[in-house]
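So the sequence shown is numbered by our numbering: it starts at 22 and just counts up by one.
No residue lacks a Cβ here, since even glycine has one placed at the ideal position from N, Cα and C.
I have placed the structure first, in the form of structure tokens, so that the comments after it can refer back to it.
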Amino acid sequence: MTWAELAEKQATVVQMLKNSILKERLAHAYLFEGKQGTKTDLMAFQLAKAFLCQKRGDDAEPCHTCEHCRRIDSGNHPDLHLIQAEGASIKVDQIRHLLKEFSYQGLESTRKVYIVEEADTMTNSAANSLLKFLEEPGGESLAILQTTKRHAILPTIQSRVQVLSFAPLPPESVIETLLEKGYSEVQARIASQIAADVEEAESLCSSDWIAQARSKVIQLVHEISKRPQRALLTVHEHWLPFFSERSSLQLGMDMLMLWYRDLLRVQIGQENQVVYTDCMDDLKNQALSQSQPTIRHKLTAIFDAKRRLDANSSPQLVMDQLLLKLQEG
């Protein structure tokens with residue numbers, strides 16, 4: 022991976038990092054935040070390479086051939102430390118071990134790098150332990166934290182790092198690529214809205230997950246609209262068993278949100294932007310029976326449900342409460 026390749030999707034972040042390298046003004050710690058698939062991991066290793074490479078070019082590009090670069094590529098550079106969640110979280114003992122490693126002199130150079138993946142999974146004690154290290158970084162060290170959930174990172178940590186936000190791909194680019202690969206327009210439109218990049222979108226489409234999830238969403242909105250007395254049963258017997266993981270339930274609610282956004286698009290004459298293109302008759306019928314404030318109220322309810330799910334609330338409780346909100350009006 023090169024800066025040029027990364028710039029194809031994250032030009033702003035690449036330019037900022039390259040400028041900092043060339044001016045020798047790299048921060049001692051960064052927080053890379055972006056959706057799944059926005060290449061925060063590849064950017065982290067590219068920055069680590071550029072930081073440790075001793076034959077770096079005038080354009081800030083690591084040489085990719087020296088001992089440092091080769092060892093980073095092979096995953097065994099002694100001065101590059103990767104911290105990953107053990108189970109569901111990053112434990113305080115992992116951070117303590119990291120601090121101990123950083124107390125030793127570098128084995129290959131005077132520089133050291135540590136990358137914390139899914140930094141939002143740190144326990145409170147782990148985060149506080151890392152905070153102390155960020156407050157008093159030793160020697161020539163570089164910290165790179167990665168997260169898809171910036172709001173879950175302690176404000177005190179955020180205040181001591183430089184935050185770089187990674188841009189999602191434009192949906193139009195994702196749709197075009199998926200159509201070229203033979204997926205339906207509806208699948209492509211939905212995937213482009215809920216996936217972070219082409220790879221994730223294609224994975225969702227190729228596994229037929231999008232098609233199955235779409236049928237669950239349409240079933241639920243029809244029950245809410247036409248047979249509200251059956252909606253709760255639909256949630257318990259069809260929705261929750263299919264969206265059994267928190268991550269998949271989040272995507273399901275994203276798809277539900279797309280439906281109600283489509284209702285608004287129909288109401289304001291933006292039918293060319295509708296995602297559920299093959300359900301236009303149903304969308305028009307529902308759009309006639311609901312006011313814009315009612316639809317916006319439902320969109321807010323879905324957003325709040327996603328936030329509660331993210332805060333570790335019970336999926337069944339979240340869906341039950343959301344259903345009540347969606348049945349109002």
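Subject >> Helix, strand or coil at residue 109 according to DSSP, with G and I counted as helix >> reply: Locating residue 109 in the sequence shown gives position 88, counting from the first residue. In the structure shown, residue 109 sits in coil (DSSP, three-state: anything other than H, G, I, E or B).
Subject >> C-alpha gap between residue 84 and residue 74, whole angstroms >> reply: Taking the first residue of the sequence shown as 1, we reach residue 84 at position 63. Taking the first residue of the sequence shown as 1, we reach residue 74 at position 53. Roughly 7 Å between the two C-alpha positions.
Subject >> contact_flag[the region 237–247, the region 259–275] where n(CB pairs < 8 Å) is 3 or more >> reply: yes
Subject >> Boundaries of the alpha helix (DSSP H) in which residue 206 is found, first to last residue >> reply: Residue 206 sits at position 185 when you count from the first residue of the sequence shown. Here the alpha helix (DSSP H) through residue 206 covers 206–215.
Subject >> DSSP state of residue 318 mapped onto helix, strand, coil >> reply: Residue mapping note: residue 318 aligns to position 297 of the sequence shown, counting from 1. DSSP places residue 318 in helix when its eight states are reduced to three.
Original post:
So, are the CB atoms of residue 217 and residue 254 less than 9 Å apart?
Top reply: Position 196 of the sequence shown, counted from the first residue, corresponds to residue 217. Position 233 of the sequence shown, counted from the first residue, corresponds to residue 254. Cβ atoms of residue 217 and residue 254: not closer than 9 Å.
**OP:** Please state whether DSSP places residue 132 in a helix, a strand or coil.
**Re:** Walking along the sequence shown from the start, residue 132 turns up at place 111. The answer is strand: DSSP assigns residue 132 an E or B state.
Original post:
Which word fits residue 188, buried or exposed, when buried means at least 16 other C-beta atoms lie within 10 angstroms of its C-beta?
Top reply: Within the sequence shown, numbered from 1, the residue matching residue 188 stands at position 167. Exposed is the call here.
**OP:** Please classify residue 311: does DSSP put it in a helix, a strand, or coil?
**Re:** Translated into positions along the sequence shown, residue 311 becomes position 290. Here residue 311 sits in coil by DSSP.
Subject >> Three-state class that DSSP yields for residue 124 in the structure shown >> reply: Counted from its first residue, the sequence shown places residue 124 at position 103. Residue state, collapsed to three classes: coil.
Subject >> Beta-carbon contacts of residue 76 that lie in its chain and below 6 Å, excluding the five residues immediately before and after >> reply: Here the question's residue 76 lines up with position 55 in the sequence shown. Same-chain partners within the cutoff: 84 and 87.
Original post:
Does the region 44–58 come within contact of the region 179–186, defined as at least 3 CB pairs closer than 8 Å?
Top reply: yes
Subject >> Residue nearest to residue 284 in terms of C-alpha spacing, selected from 246, 266 and 263 >> reply: Residue numbering aside, residue 284 sits at position 263 when the sequence shown is read from its first letter. Closest option to residue 284, Cα to Cα, is 246.
Subject >> Proximal residues to residue 150 (C-beta, below 8 Å), its chain only, five neighbours per side dropped >> reply: Counting from 1 along the sequence shown, the entry for residue 150 is found at position 129. Excluding sequence neighbours, residue 150 sits near 113, 116, 117 and 120.
**OP:** Identify, in the order they occur along the chain, each residue of the same chain with its Cβ nearer than 8 Å to the Cβ of residue 37, setting aside the five sequence neighbours on each side.
**Re:** If you number the sequence shown from 1, residue 37 lands on position 16. Closer than 8 Å at Cβ, skipping near neighbours: 185.
Original post:
Between the C-alpha atoms of residue 286 and residue 304, what's the straight-line distance to the nearest angstrom?
Top reply: For the purposes of this step, residue 286 is identified with residue 265 of the sequence shown, where counting begins at 1. For the purposes of this step, residue 304 is identified with residue 283 of the sequence shown, where counting begins at 1. Approximately 10 Å, taken between the alpha carbons.
Subject >> Assumed close pair residue 137, residue 111 - CB separation to whole angstroms, cut-off 8 Å >> reply: Taking the sequence shown and counting its residues from 1, one reaches residue 137 at position 116. Taking the sequence shown and counting its residues from 1, one reaches residue 111 at position 90. With 8 Å as the limit, residue 137 and residue 111 qualify as a contact, their Cβ atoms being about 7 Å apart.
Original post:
Any idea if residue 125 is buried or exposed, counting beta-carbon neighbours within 10 angstroms, 16 or more meaning buried?
Top reply: For the purposes of this step, residue 125 is identified with residue 104 of the sequence shown, where counting begins at 1. Residue 125 comes out exposed.
Original post:
Cα separation between residue 325 and residue 92?
Top reply: In the sequence shown, residue 325 corresponds to position 304, counting from 1. In the sequence shown, residue 92 corresponds to position 71, counting from 1. Distance between the alpha carbons of residue 325 and residue 92 is about 45 Å.
**OP:** With DSSP as the reference, label residue 345 as helix, strand or coil.
**Re:** By one-based count along the sequence shown, residue 345 stands at place 324. Here residue 345 sits in helix by DSSP.
Original post:
Where does residue 291 fall in DSSP's three states?
Top reply: Your numbering for residue 291 matches position 270 in the sequence shown. It is coil, neither helix nor strand.
**OP:** Taking the CB atoms as reference points, tell me whether residue 65 and residue 179 lie closer together than 9 Å.
**Re:** The sequence position of residue 65 within the sequence shown is 44, counting from 1. The sequence position of residue 179 within the sequence shown is 158, counting from 1. Not closer than 9 Å, so no.
Subject >> Coarse secondary structure for residue 143, derived from DSSP in three states >> reply: In the sequence shown, counting from the first residue as 1, residue 143 sits at position 122. Residue 143 falls in the strand class under three-state DSSP.
**OP:** Compare the C-alpha of residue 363 against each of 337, 152 and 28 and name the closest.
**Re:** Nothing in the structure corresponds to residue 363, since the chain is present only between 22 and 350.
**OP:** Please look up how many angstroms separate the CB atoms of residue 323 and residue 277, rounded, as I've assumed it's under 8 Å.
**Re:** As a first step, residue 323 must be located in the sequence shown, where it is residue number 302. As a first step, residue 277 must be located in the sequence shown, where it is residue number 256. Confirmed, Cβ separation roughly 6 Å.
Subject >> Coil, strand or helix - residue 167 by DSSP >> reply: Here residue 167 refers to the residue found at position 146 of the sequence shown. If DSSP states are grouped into helix, strand and coil, residue 167 belongs with the strands.
Original post:
So, helix, strand or coil for residue 161, using DSSP?
Top reply: The residue you call residue 161 lines up with position 140 of the sequence shown. The answer is strand: DSSP assigns residue 161 an E or B state.
Original post:
When the distance is taken between beta carbons, is residue 213 closer than 9 Å to residue 196?
Top reply: Walking along the sequence shown from the start, residue 196 turns up at place 175. Walking along the sequence shown from the start, residue 213 turns up at place 192. Yes.
Original post:
If you follow the beta strand (DSSP E) that residue 184 is part of, which residue opens it and which one closes it?
Top reply: The residue you call residue 184 lines up with position 163 of the sequence shown. Looking at the DSSP string, the run of the beta strand (DSSP E) that includes residue 184 is 183–186.
Original post:
For residue 22 versus residue 57, is the C-beta spacing smaller than 9 Å?
Top reply: Here residue 22 is taken as the residue at index 1 of the sequence shown, counted from 1. Here residue 57 is taken as the residue at index 36 of the sequence shown, counted from 1. Against a cut-off of 9 Å, the Cβ pair of residue 57 and residue 22 comes out as no contact.
Subject >> Cβ-based burial, residue 131 [other Cβ within 10 Å; buried from 16] >> reply: Taking the first residue of the sequence shown as 1, we reach residue 131 at position 110. By the 10 Å Cβ count, residue 131 comes out exposed.
**OP:** Answer with buried or exposed for residue 89, where buried requires no fewer than 16 other C-beta atoms within 10 angstroms of its C-beta.
**Re:** Working through the sequence shown from its first residue, we reach residue 89 at position 68. Buried: at least 16 other Cβ atoms inside 10 Å.
Subject >> Buried or exposed by the 16-neighbour rule on C-beta atoms within 10 Å, applied to residue 258 >> reply: Numbered from its first residue, the sequence shown carries residue 258 at position 237. The residue in question, residue 258, is exposed, as its Cβ has fewer than 16 Cβ neighbours within 10 Å.
Subject >> Closest residue to residue 160 among 140, 206 and 48 (Cα-Cα distance) >> reply: To locate residue 160, count along the sequence shown from 1; it is residue 139. When only C-alpha atoms are compared, the closest one is 48.
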